[in-house]
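Residue numbers (my numbering), protein chains in the order written: chain A, 65 to 312; chain B, 65 to 312. Structure, as structure tokens:
2 protein chains.
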Amino acid sequence: MKSVNTDVAYEHIRKKILSGEYPPGRALMTELLATEIKVSRTPVRDALRKLETDGLVTIRAHLGASVKRMELREFREMCDLRLALESHAAGLAAVNHTEGDLSEIRYALEAMRRLTDQIIAASQEQPLLSELVREDVRFHIAVMTAAKNDLMKKEILRLHLVNRVVSGTMGGKKSSVQKAESDARRRLVLVKHNDIYTAIAASDPVTAKREMEFHLQELIDHNLLLITRTETGVLARDLTSEELAYNS
Amino acid sequence: MKSVNTDVAYEHIRKKILSGEYPPGRALMTELLATEIKVSRTPVRDALRKLETDGLVTIRAHLGASVKRMELREFREMCDLRLALESHAAGLAAVNHTEGDLSEIRYALEAMRRLTDQIIAASQEQPLLSELVREDVRFHIAVMTAAKNDLMKKEILRLHLVNRVVSGTMGGKKSSVQKAESDARRRLVLVKHNDIYTAIAASDPVTAKREMEFHLQELIDHNLLLITRTETGVLARDLTSEELAYNS
DNA sequence: GTTGCCTTACATGTATACAACAGTATGTTT
DNA sequence: AAACATACTGTTGTATACATGTAAGGCAAC
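What follows is the structure in structure tokens.
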């Protein structure tokens, strides 16, 4: 449904959620939002419904909407869902890719290699991190695109977005030991991405799938570790606001 | 969102879509539905939105809603999605199942075995088919339940429902050759189900996953064959209206 | 001082009136 | 007669008034 005002409201609220301006748990009152966006409550309600199906907000009858907050259990389930879909997509990519898909994947891979080197060389990692994240996302999107299954791609992107919101906005500083840890992880990620690319380029679905599965499982375990560390139930990740702006 | 009238409208429309009373492509006009359900257009609109996210209806701006009609390409993509999720779920079930889950799976398996024997023995298959389908669904649901991932279960159930709607309502008669073919397929399905159960019971995720993957791939291929045969782009399946009423 | 009920306030759910848009039919012009 | 423009009809999109339900705050009783 593409009615104008509904879309305006949808994009408005969505952006504020993704930017962290509306943090998880924040109440989203229709009247308030309506005056803010300068439309009536009706399209706001529609937008909130749509955002609910995106998994970004929770709506309870007579209690209104709020930015989605996720239990650890649900988060784990979501990660598993992503693992299932994205590894399957990697297998499909190995079979269905075109030459253009491959070069797109390669592009993201090279960019990540370059950025990783720079970050490891530099003393402070902050300024380049957002770029690295962006290229990381570009890599995964490129793989999903190569799989030639739009439904699957859409669903995975949805999961990425939800993940990002519930992961929260805390991007704490790291000590030097943590920096070393991070550097090691980044190298590993690079290697795994390369393995995935190689398998896809070689049209080897079994390996591509297995490598993606391994890569994501490592990522998930790492994230869950961070969550349990912060013991708040929200994931600590070091990405700012805009760099994951892969919409649809 | 659980507001009363919205739910009434939602259930009403949903039921009519699933029963085939509103066939694929059928226009769903808000005013008409509103008077039929005896509520106003607002909750009807909400219900249609929800049904859209369920994948049961299509909504285009200013053109209104209609019961979802699917392209062959999209159908294939959906099948692939289901394959990815449900085979992964089978793997999880092998790891996470409880004793209760196993007995539920076993129950469905035994019921199918009994019904299959009866159907093969009988000359006409019609009356028992719906029961067989019901138990088939029960089996798959039991496996997904055993996987202990509610998000995944929900998503798979959604796919099942959409599949059912777009598959249409044509349950044509079969010739005796086709009857023999069908009997053979039913035996195969039974064997595969048994293999899946055995792997899950043995806590062997790799085998469980592989067997489910094989089983579903066979099913998908069969369905796609039927579609191309009927050349209308809608799948011919022999199930009536109510037996797949697994909701949420 | 605490507890329980009742009242009140406010946000949401619903209905309906109004505006905008898509498709169709009709009429005029070439 | 054909083609284009225009008016018309019906449905959706939007705004707003009204009904209902929830939660919080105050009052009274213990």
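Each residue gets a CB set at the ideal place from its N, CA and C atoms; glycine is no exception. Because the structure is a prediction, the values reported are computed rather than measured.
To the nearest angstrom, how far is the alpha carbon of residue i from that of residue j?
i         : j         : result
Asp71(A)  : Ala111(A) : 7 Å
Ser167(A) : Ala98(B)  : 52 Å
Ser267(B) : Lys218(B) : 23 Å
Asp259(B) : Arg178(B) : 17 Å
Asp214(A) : Tyr74(B)  : 27 Å
Lys80(A)  : Pro88(A)  : 11 Å
Gln188(B) : Glu85(B)  : 26 Å
Val131(A) : Arg78(A)  : 10 Å
Pro269(A) : Val201(A) : 21 Å
Arg133(B) : His76(B)  : 20 Å
Gln242(B) : Asp285(B) : 16 Å
Thr233(A) : Lys114(B) : With a pLDDT of 46 at Thr233(A), under the threshold of 50, the modelled position of this residue cannot be trusted, and the question is left open.
Tyr261(B) : Arg137(A) : 26 Å
Arg105(B) : Ser67(A)  : 17 Å
Ile101(A) : Ala129(A) : 16 Å
Arg293(A) : Glu95(A)  : 39 Å
Arg109(B) : Ala154(B) : 37 Å
Ile220(B) : Ile220(A) : 15 Å
Ala158(A) : Ala248(B) : 34 Å
Leu127(B) : Asp165(B) : 46 Å
Val103(B) : Val103(A) : 25 Å
Leu252(B) : Leu252(A) : 44 Å
Ser246(B) : Ser246(A) : 57 Å
Can you check whether the C-beta of residue i is within less than 7 Å of a C-beta belonging to chain B?
i         : result
Leu196(A) : no
Asn213(A) : yes
Val230(A) : no
Met216(A) : yes
Considering only C-alpha positions, which residue in the set the options is nearest to residue i?
i         : options                                    : result
Glu195(B) : Arg137(B), Glu174(B), Asp214(B), Leu225(B) : Glu174(B)
Ser151(A) : Lys132(A), Val201(A), Gln281(A), Leu288(A) : Gln281(A)
Ser204(B) : Leu136(B), Ser83(B), His286(B), Lys273(B)  : Ser is not the amino acid found at residue 204(B); the sequence shown has His there. If we check each option's Cα against that of His204(B), Lys273(B) comes out closest.
Leu254(A) : Pro269(A), Ser130(A), Lys243(A), His279(A) : His279(A)
Val207(B) : Arg137(B), Ala186(B), Glu163(B), Leu92(B)  : Glu163(B)
Ala125(A) : Met93(A), Val103(A), Gly155(A), Ile101(A)  : Met93(A)
Ala148(B) : Met276(B), Pro107(B), Thr117(B)            : Met276(B)
Leu288(A) : Lys102(A), Val241(A), Val230(A)            : Val230(A)
Leu82(A)  : Ala154(A), Leu225(A), Tyr171(A)            : Leu225(A)
Arg90(A)  : Thr292(A), Lys102(A), Lys114(A), Thr122(A) : Thr122(A)
Leu283(B) : Ala172(B), Arg140(B), Ala158(B), Gln190(B) : Arg140(B)
Arg250(B) : Ile220(B), Leu221(B), Val197(B)            : Val197(B)
Glu199(A) : Thr117(A), Ala172(A), Thr180(A)            : Ala172(A)
Ala244(A) : Ala185(A), Ala153(A), Thr292(A)            : Ala185(A)
Ala291(A) : Asp165(A), Glu135(A), Leu127(A)            : Checking the displayed sequence, the identity of residue 291(A) turns out to be Ile instead of Ala. Residue Glu135(A) is the option with its Cα nearest to Ile291(A).
Quick one: which chain B residues come within Cβ less than 9 Å of residue i?
i         : result
Glu95(A)  : None at all; the shortest Cβ gap to chain B is about 16 Å.
His152(A) : Asp144, Leu145, Leu147, Ala148, Leu149, Ser151, His152
Would a check of beta-carbon distances place residue i closer than 7 Å to chain A?
i         : result
Asp259(B) : no
Glu141(B) : yes
Gly235(B) : Annotation note: pLDDT 46 at Gly235(B) (below 50); position unreliable, coordinate value reported separately. No, no contact with chain A.
Ile81(B)  : no
Whose Cβ in chain A lies nearer than 7 Å to the Cβ of residue i?
i         : result
Arg78(B)  : What Arg78(B) touches in chain A: nothing, since even the nearest Cβ is about 15 Å away.
Glu282(B) : Correct list: empty, because the minimum Cβ distance to chain A is about 17 Å.
Are there any heavy atoms of the ligand NAP lying less than 6 Å away from the beta-carbon of residue i, as far as the coordinates show?
i         : result
Ala175(B) : The ligand content of the structure shown is nil, which means the ligand NAP is not present either.
On the premise that residue j lies in contact with residue i, defined as a C-beta separation below 8 Å, what is that separation, rounded to the nearest angstrom?
i         : j         : result
Thr271(A) : Ala263(A) : 4 Å
Met216(B) : Leu145(A) : 5 Å
Leu193(B) : Gln182(B) : No, Leu193(B) and Gln182(B) are not in contact; Cβ-Cβ is about 11 Å, not under 8 Å.
Ile169(A) : Ala210(A) : 7 Å
Asn69(B)  : Pro107(B) : 4 Å
Met176(B) : His257(B) : 7 Å
Gly119(A) : Arg222(A) : 6 Å
Thr180(B) : Thr117(A) : Not quite, the Cβ-Cβ distance comes to about 39 Å (not below 8 Å), so this is no contact.
Kindly list, in the order they appear in chain A, the residues whose Cβ is closer than 9 Å to that of residue i.
i         : result
Arg113(B) : Met65, Asp110, Arg113, Lys114, Thr117
Leu75(B)  : Reading the sequence as shown, one finds Glu at residue 75(B) and not Leu. The premise fails here: Glu75(B) is roughly 15 Å from chain A at the closest Cβ pair, so nothing lies under 9 Å.
Glu138(B) : Asp214, Leu215
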